[in-house]
Every structure is written in C-alpha cells, then in structure tokens.
Amino acid sequence: MIIGLTGGIASGKSTVAEMLGQLGAHVIDADKLGHSAYVSGSEAFDLVVSTFGKDTVGTDGEIDRKVLGSKVFGSSESLKKLTDIVWPAIKKMATQEIQTVATQRPDQVIVLEAAVLFEAGWEDIVDEVWSTIVDREVAIERASNRDGTERSQVEARIDAQISNEERTEKANRLIDNSSSEAELGEKVEQIWNALSA
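In terms of numbering that gives the first Met the number 0, the sequence shown opens at residue 0 and continues consecutively.
#1: Pick helix, strand or coil for residue 5, following the three-state DSSP scheme.
#2: Where residue 116 and residue 106 are concerned, what is the direct C-alpha to C-alpha distance, given to the nearest angstrom?
#3: Alpha carbon to alpha carbon, how far is residue 104 from residue 30?
#4: What residues in its chain sit with their C-beta under 6 Å from that of residue 72, if we drop five residues either side in the sequence?
#5: Please return the same chain residues whose Cβ sits closer than 7 Å to the Cβ of residue 32, not counting the five positions on each side in sequence.
#6: In the DSSP assignment, find the beta strand (DSSP E) that holds residue 172 and state where it starts and stops.
#7: Count the other CB atoms, across all protein chains shown, that sit within 10 Å of the CB of residue 130; report buried if there are 16 or more and exposed otherwise.
#8: Just the C-alpha distance for residue 164 and residue 58, rounded to the nearest angstrom, thanks.
#9: Tell me whether residue 98 is buried or exposed, calling it buried when 16 or more other Cβ atoms sit within 10 Å of its Cβ.
#10: Tell me whether the beta-carbon of residue 153 lies closer than 8 Å to the beta-carbon of residue 132.
#11: Short of 6 Å in beta carbon distance, which residues of its chain neighbour residue 201, apart from the five on each side in sequence? Order them along the chain.
#12: Thinking just about the alpha-carbon of each residue, which of 50, 151, 122 is nearest to the one in residue 82?
#13: Where residue 158 and residue 135 are concerned, what is the direct C-alpha to C-alpha distance, given to the nearest angstrom?
#14: Helix, strand or coil: which one does DSSP assign to residue 110?
#15: Hey, residue 128 and residue 14: beta-carbon distance below 8 Å or not?
#16: Does DSSP put residue 149 in a helix, in a strand, or in coil?
#17: Within the same chain, show all residues whose beta-carbon is closer than 8 Å to that of residue 166, passing over the 5 residues directly before and after it, in chain order.
#18: Looking at the secondary structure, which residues open and close the beta strand (DSSP E) in which residue 127 lies?
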C-alpha cells in the first residue's frame, strides 16, 4: 500500500507522517528529495543552470538556493520553470525509492509525504491520497506562532495553495487536525489499525 500524504500549511501533515513512521510505515519526504533533486552532476542541475544562469552555482559547486530563490520569488513564470525541472526529478527519485522498498518488503506500507502532491500530479504513483485539513483560522494562528510570521504573509501562502475544498474533493481520506495533537494521534492510530486489520 502506497499512501500519498498531503495537506496545507500548518495542517499537521509532517506530524501525521512522523506518527505513521513510528507506527511502522516507510516515509518518503518529498521536501528532502527536493533538496537533493538538483545536486551537481544531475540532469536537473544542468537544467537549473541553463535556465537560471551560472550565477546560481555557489562556491561549493552546488546550486545556491538563496540565489535561485531570489530569481523565482514573486514571478509565477520563473517558479513554473523551476517546478517543471524539479517536480519530475523528485517524482523519479520517489518512484525509485518506492520500487526498492516494495521489492525488499512487499507488505510494507509506504507513505509519500508531499505538500504539492496534487499540484505536481503525483497521484499516479500512490494507491490512495490522504490529506490533513485544518480550518483556515487555525492554520493562520499555528503558522504565525510557529514561524513568527505576520498574519498577512501566512494568508498569502495559504491563498497560493490549493484550497481545502479541492483537497476534500480529490483525497481518498481526510484527517481533520483542528483539535489537539493527542486527538490527532488517536485518529492516525485508528486509521493505521484499520489498514493492517
């Protein structure tokens, strides 16, 4: 069973992934893969350099994420160019890891944790999509407290993502995280037990 786990800002997606990992799932973090998607020598590295310029390469020979970030920040066109390079590279790495784990341990539950699962179109590499959801106000409050950011910045980030309505429509299972972490843990455990029943 391969589960795609997604969710918006401050919805508890990473917490759920951690809980599933503790219960025995093999968790693949798409964000972490993203960090290594364009390492020096990779196809994505060459594409980033040819698309965004040689000044994106830092003194260590790797892509300087700050320089790259400054080039795509605030430009939806540049951001799309970057995601068109990075998302396929991440998908390829995730697919390879899924295949390796599934071959070695056929009964292993695999969780692909990815905030951009729907946006990147990765539903085709998972059996089911689970999405954490949380009320907008709760998400704003949590993200502001966690990251120390202004309400308006958090709202802008939430508005840039797909909506809870879209997630509700597309996901096979919703995990509402509007209450406490203890209650979230109970929900996750119930779902996990039902999986292995």
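For every residue, glycine included, the Cβ atom is placed at its ideal position computed from N, Cα and C.
Judging by the given coordinates:
#1: It is a strand residue.
#2: Pairing residue 116 with residue 106, the inter-Cα distance amounts to about 23 Å.
#3: 24 Å
#4: none
#5: 89, 92, 93
#6: Element bounds for residue 172: 172-175.
#7: buried
#8: 44 Å
#9: exposed
#10: no
#11: The question about residue 201 has no answer here: the residues shown for the chain are numbered 0 through 196.
#12: Per the Cα distances, 50.
#13: 10 Å
#14: Residue state, collapsed to three classes: strand.
#15: No, Cβ-Cβ distance for residue 128 and residue 14 is not below 8 Å.
#16: coil
#17: 5, 6, 7, 117, 130, 132, 173
#18: Annotation for residue 127: the continuous beta strand (DSSP E) segment containing it runs 127-132.
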